[in-house]
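Shown next, in structure tokens, is the structure this report addresses.
Residue numbers (this note's numbering), protein chains in the order written: chain A, 1 to 332; chain B, 1 to 313.
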């Protein structure tokens, strides 16, 4: 099957800055694909390259088997949900949603009918008469979604669409987006810096760092089996252990990581197995308590479940985890 | 360290005034607004009202004295062929200047708002504002020299062996003349030059408020650059264009110096006001003439509002 989007050695340099650096990538049709990375890692630039707002300095982007080089955005069957929604302030919601149809020359009555249908799809029926400025952030987000879907794109690009929403709404929208993608069956490419969002929604995740994809795979793989320390640290803030600690535990490996929730703390008085550490501080997170530890000048985090004894700051403890929770990595 | 958390002992003097003002935000607003409100209300609106009142009086043709009785006689005089001609000429000139200014200013403003950064932006502001720093009269006289028969423009046409083109243009009635400096086209060019900054700056300000993502969204949804301009950029920049056109239109409507220095002997509203209130001593007619631009501008704004020009504000 032809992939929906393919990158072949794609680079985008701005002067000496390598925003995207020789990225190879293949996204299947109907896939929910997440591009995850810190700001400035090149994920948004990749999305803009697919949309056609920017052209690669080197390499080739192929969309459904066709080379997209030199094709302007308005000739691509790809639509975008913008981070700031980019709704047109001088049009009401219905005209915003119907914009793509208006441009395509669809008669007024029909495009308004279809726009009303798109608004129903995003659970905003009857909002057509309002101006974008009269909507809440979540509602604007839905309008932007309906507007991007009206042209029935084969690939929908979403640039941090949930970034401006509060936590509760964000979780709700995550589920709705996932449902919508299943219902429509089109390819979603989703850019985010929120690892939780990427892991919970995507079929596959590409982790970006400094213009390159450092790991690409299923959410479980990226979470449990990071290939490089950056992924271990960025995706769910694992403890990356330095080589000298790893050598003591498992022999010659470059790095190893342990998830904070796998770390157990044992009172210094009870038994002496495990590593020796000092509690630096504790923070109550609601579902768990985060304990920052000092391990011979190297810091580590443990996530203690409800009911566990919470040590005091400055207390001496032993740190332990089961061997299968120690994930070993080659040098990167 | 102070014993008090609230530093009450440090009040007194100017600090006391600050405290009073801090506790009375309404007083602050009143103090800030009173002087400009008085200025605007009494000096500006007052004189405007006095002007309006004058236009409803008339002049006694024999004695030349003003008759202080309310009448529409003076307004009727505006519609005599000679006077109406002045009004039409001025309005047509103002409209031409405004349209030309908008067409020239838009690309400049677009470049400044979208692409110019740092040094280029500074260059843009200096380039647009610099003409405003020098005297208006000096600029107009310089243009007279540029446009004169012995001027640089004529020389340029001669050097390029295009004099026939210029002469053919100048032989066109109404817009032509003996040379550019005594033609309506000359007046138009000078108006355009002098008022252009007033069109560029508001358009630039309005374009600056249009995020790049909005233009990208339009393209993303299938609109060609031309369609994006028509459906997104222009409607969003329209308040700026209207603001700029208010400046260029009303400034041209009221100017009496440029047409006197560059152009034909046919008069504009400003010149009519100037001569009627001065040598002719016909204050009511001068006032009636001065009301014309106000009525035209009010009508223009009303139409612009009805057409939705300010919807994006």
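A virtual CB, placed ideally from N, CA and C, is assigned to each residue, including glycine.
DSSP puts residue 26(A) in a beta bridge; with which residues?
6(A)
For residue 247(B), the nearest candidate out of 22(B), 201(B), 13(B), 106(B) (CA to CA)
201(B)
For residue 46(B), report the span of its alpha helix (DSSP H) as first-last.
46-55
Alpha-carbon to alpha-carbon, residue 219(B) and residue 112(A)
20 Å
Going by Cα to Cα distance, which pick from 124(A), 49(A), 114(A) is closest to residue 189(A)?
49(A)
Once you ignore the five residues that flank residue 266(A) on each side, which residues in its own chain have a CB closer than 7 Å to its CB?
274, 317, 318, 320
From the DSSP output, which residues share a beta bridge with residue 67(B)?
58(B)
Less than 8 Å between the CB atoms is what I'm expecting for residue 198(B) and residue 251(B), so what's the real figure, rounded?
7 Å
Give me the Cβ distance between residue 263(A) and residue 253(A), rounded to the nearest whole Å; I'm assuming they're in contact under 8 Å.
Not quite, the Cβ-Cβ distance comes to about 19 Å (not below 8 Å), so this is no contact.
Could you check if residue 196(A) belongs to the surroundings of the ligand ATP, using beta carbon to heavy atom distance under 8 Å?
In the structure shown, the ligand ATP is absent, as is every other ligand, since no ligand is present at all.
Rounded C-beta distance between residue 259(A) and residue 292(A)? I'm assuming under 8 Å.
That belief does not hold up - the Cβ atoms of residue 259(A) and residue 292(A) are roughly 15 Å apart, past 8 Å.
Rounded C-alpha distance that separates residue 345(A) from residue 115(A)
Outside the modelled stretch of chain A, which goes from 1 to 332, sits residue 345(A), for which no answer is possible.
Quick check for students: name the residue ranges of the beta strand (DSSP E) that lie wholly in the segment 202-244 of chain A, counting only runs of 3 or more.
204-209, 212-217, 239-241
Short check: CB of residue 180(B) to CB of residue 166(B), under 9 Å?
yes
Straight-line CA distance for residue 286(B) to residue 52(B)?
11 Å
Kindly indicate which residue of 196(B), 263(B), 217(B) has the alpha-carbon position closest to the one of residue 127(B).
196(B)
What residues in the segment 93-120 of chain A bring their beta carbon closer than 7 Å to a beta carbon of chain B?
99, 100, 103, 104
I need the straight-line Cα distance from residue 231(B) to residue 77(B), nearest angstrom please.
45 Å
Can you tell me the Cβ-Cβ gap for residue 34(A) and residue 198(A), rounded? I've got them flagged as a contact below 8 Å.
4 Å
For residue 39(A), which residues of its own chain have a beta-carbon under 7 Å away from its beta-carbon, when the five flanking residues on both sides are left out?
193
From the DSSP output, read off the bridge partner residues of residue 192(A).
36(A)
Interface partners of residue 84(A) on chain B, CB under 8 Å
211, 213
Taking the beta carbon of residue 24(A) as the centre, do at least 16 other beta carbons fall within 10 Å, making it buried, or is it exposed?
exposed
Per-residue contacts from residue 222(B) into chain A (C-beta, under 7 Å):
74, 100, 103, 104, 151
C-beta neighbour in chain A for residue 241(B), strict 9 Å
no
State the CB to CB distance for the pair residue 32(A) and residue 256(A), rounded to an integer number of angstroms; the pair is presumed to be in contact (CB under 8 Å).
About 31 Å; that fails the 8 Å criterion.
Around the Cβ of residue 215(A), are there at least 16 other Cβ atoms within 10 angstroms (buried) or fewer (exposed)?
buried
Using only alpha-carbon positions, find the residue among 196(A), 209(A), 133(A) that is nearest to residue 219(A).
196(A)
Quick check on the DSSP output: the alpha helix (DSSP H) that includes residue 259(B) runs from which residue to which?
258-261
Figure out for me which residue from 260(B), 270(B), 235(B), 263(B) has the closest Cα to the Cα of residue 249(B).
270(B)
Is residue 305(B) buried or exposed, if buried means 16 or more other CB atoms sit within 10 Å of its CB?
exposed
Can you list, in chain order, the residues of its chain whose CB lies under 6 Å from that of residue 151(B), leaving out five sequence neighbours each side?
145
Near residue 225(B), which residues of its chain fall below 8 Å by C-beta distance, leaving aside the five closest residues on each side in sequence?
219
Contact check, residue 55(B) vs residue 74(B), beta carbons under 9 Å
yes
Which same chain residues end up closer than 6 Å to residue 68(B) when comparing Cβ atoms and leaving out the 5 residues on each side of it in sequence?
57
So the candidates are 62(A), 36(A), 147(A); which of them puts its Cα closest to the Cα of residue 336(A)?
Look at the range of chain A in this structure, 1 to 332, and you will see that residue 336(A) is not part of it.
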